[in-house]
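Working notes, beginning with the structure itself.
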Amino acid sequence: MRKEILEQLQTVWAGRPWLHFETLDSTNEYVKRLAGKQPVHGLLVTADSQSAGKGRRGRVWQSPPETNIYMSLCVEPEFPADRAAGLTLVMALAAAEAVQEVTGTRPGIKWPNDLVLGGKKICGILTELILRDNAYAVVTGVGMNVNAGQFFGELQETAGSLQTELGATFSRAQLIASVLKYFEVFYAQYEQTGDLTFCRERYEQSLVNLGKEVRVLDPRGAYTGMAEGITNTGALIVTDETGTVHLVDSGEVSVRGLYGYV
Ligand code: BTN
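Right, here's the structure in full:
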């Protein structure tokens, strides 16, 4: 895979340097260990399998060998750390563009950053902050189910892969190179403008929650409402049954669709 990715890489900085491992505990954890000691803007870490793949909210990310993408990209932003959360939506959009480019099918995005095909989650993103002296870095980890043929246990209901949903296998190297290409372009725009104005419309076109009822699991009290779109900083706009508009921040609450996974 190493040679293949290098041949396809069209970026200036994203994925340079790039480290590939047969197996790691977690590509995010590897980047965190390295970036905690030295600046590594652009570093990409990929693995063929992970022994302790991490999902959001402390969940496990199943990471069987050779079939899927486990990648983590590190950036050292010029903008303040409170803007870093937006990068997770930037990465979701980059991954959606890459899936469309490589497979010809555009996936949906379930806010904030899951990719969905055929009602199944095919990609998850975990963004973490790394603090180092007076600087900070951000690691954005992407787990994309590419050629996995089946899922076990409770994942059977909710998870899918490009292979299960589209009935064909795809090159992981091509997908990784494409994700990096789009991310690099979007990152430059995000850095320049400081928010998601540049891609809000495109993001909302793919947003599977748009115009649908969602259940917001706010620690101060859960409520149900209609998802209306996102703000320029990436919060989900939800109008509840009383007409009150909530701006839902991904860091604090989780949102469930009322109909199956979406
Ligand atoms: C989610 O729960 O939806 C996020 C899943 C993120 C998984 C990826 S796989 C590569 C990187 N390394 C990890 O341990 N997690 C992320």
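The numbers in numbering that gives the first Met the number 0 rise by one with no breaks, and the one at position 149 of the sequence shown is 148.
The beta-carbon is built from N, C-alpha and C at its ideal position, and this holds for glycine as well.
Residue i versus the options, residue with shortest Cα-Cα distance
| i | options | result |
| --- | --- | --- |
| ILE229 | THR241, ASP248, ASP239 | ASP248 |
| LEU209 | PRO218, GLY220, GLY224, ASP217 | GLY224 |
| ARG171 | ARG55, THR45, GLY35, ALA93 | THR45 |
| THR243 | ASN231, TYR222, ALA234, THR232 | TYR222 |
| GLN162 | ILE68, ASP132, ALA91 | ILE68 |
| PRO79 | VAL39, GLN191, ARG255 | GLN191 |
| LYS53 | THR87, VAL207, GLY142 | GLY142 |
| GLY107 | GLY117, GLY159, LEU174 | GLY117 |
| VAL39 | ALA134, ALA97, LEU114, PRO64 | ALA134 |
| LYS180 | ALA94, GLU21, ARG58 | ALA94 |
| ALA198 | ASN27, ARG55, LEU43, VAL89 | It should be pointed out that residue 198 corresponds to Cys in this sequence rather than to Ala. Minimum Cα distance to CYS198 is reached at VAL89. |
| VAL30 | LYS119, ARG58, VAL138 | VAL138 |
| VAL254 | GLU200, VAL184, TRP110 | TRP110 |
| LEU86 | ARG1, VAL237, THR126, PRO218 | THR126 |
| ARG214 | GLN37, ASP239, LEU154 | ASP239 |
| ALA83 | MET0, GLY193, SER50 | GLY193 |
| PHE185 | LYS119, ALA97, ARG1 | ALA97 |
| TYR202 | GLY220, PRO64, LEU114 | LEU114 |
| GLN204 | GLY35, HIS245, ARG105, LEU33 | ARG105 |
| LYS211 | GLU200, LEU195, ILE236 | ILE236 |
| LEU23 | GLU100, SER50, GLU77 | SER50 |
Between the CA atoms of residue j and residue i - distance to the nearest angstrom
| i | j | result |
| --- | --- | --- |
| ALA187 | CYS73 | 14 Å |
| TRP60 | ASN146 | 16 Å |
| MET70 | GLU156 | 24 Å |
| SER177 | THR241 | 43 Å |
| ASP81 | ILE129 | 13 Å |
| VAL11 | GLU75 | 15 Å |
| ALA13 | ALA91 | 16 Å |
| SER25 | GLU227 | 35 Å |
| GLU6 | SER48 | 22 Å |
| ALA234 | CYS122 | 20 Å |
| PHE20 | LEU174 | 17 Å |
| LEU165 | ASN112 | 20 Å |
| THR168 | ASP132 | 44 Å |
| THR102 | TYR189 | 26 Å |
| GLY159 | ASN231 | 30 Å |
| PRO220 | LEU18 | Sequence inspection shows Gly at residue 220; the Pro mentioned does not correspond to that position. The alpha-carbon atoms of GLY220 and LEU18 are separated by roughly 43 Å. |
| LEU216 | LEU8 | 40 Å |
| LYS2 | GLU65 | 15 Å |
| ASN27 | MET0 | 19 Å |
| GLY35 | GLU77 | 17 Å |
| ASN144 | GLY41 | 23 Å |
DSSP bridge partner residues for residue i (one or two, in chain order)
| i | result |
| --- | --- |
| SER48 | THR22 |
| HIS245 | VAL237 |
| VAL74 | VAL137 |
| TRP17 | LEU43 |
| SER36 | Per the sequence shown, residue 36 should be read as Lys rather than Ser. Paired residue(s): none; LYS36 is not in a bridge. |
| GLY107 | VAL115 |
| ILE68 | MET143 |
| VAL254 | VAL215 |
Status (buried if at least 16 other CB within 10 Å, exposed otherwise) for residue i
| i | result |
| --- | --- |
| GLN149 | exposed |
| SER62 | buried |
| PRO16 | exposed |
| PHE151 | exposed |
| ALA136 | buried |
| LYS119 | buried |
| GLU183 | buried |
| GLY57 | exposed |
| LEU246 | exposed |
- Task: Any chance you could list the alpha helix (DSSP H) runs of at least 4 consecutive residues sitting entirely within the segment 115–163, in chain order?
- Result: Unbroken alpha helix (DSSP H) stretches of 4 residues or longer found wholly inside the segment 115–163: 154–157, given in chain order.
- In chain order, which alpha helix (DSSP H) runs of at least 4 residues are fully inside the segment 200–233? The DSSP assignment places no complete run of the alpha helix (DSSP H) inside the segment 200–233 (cut-off: 4 residues).
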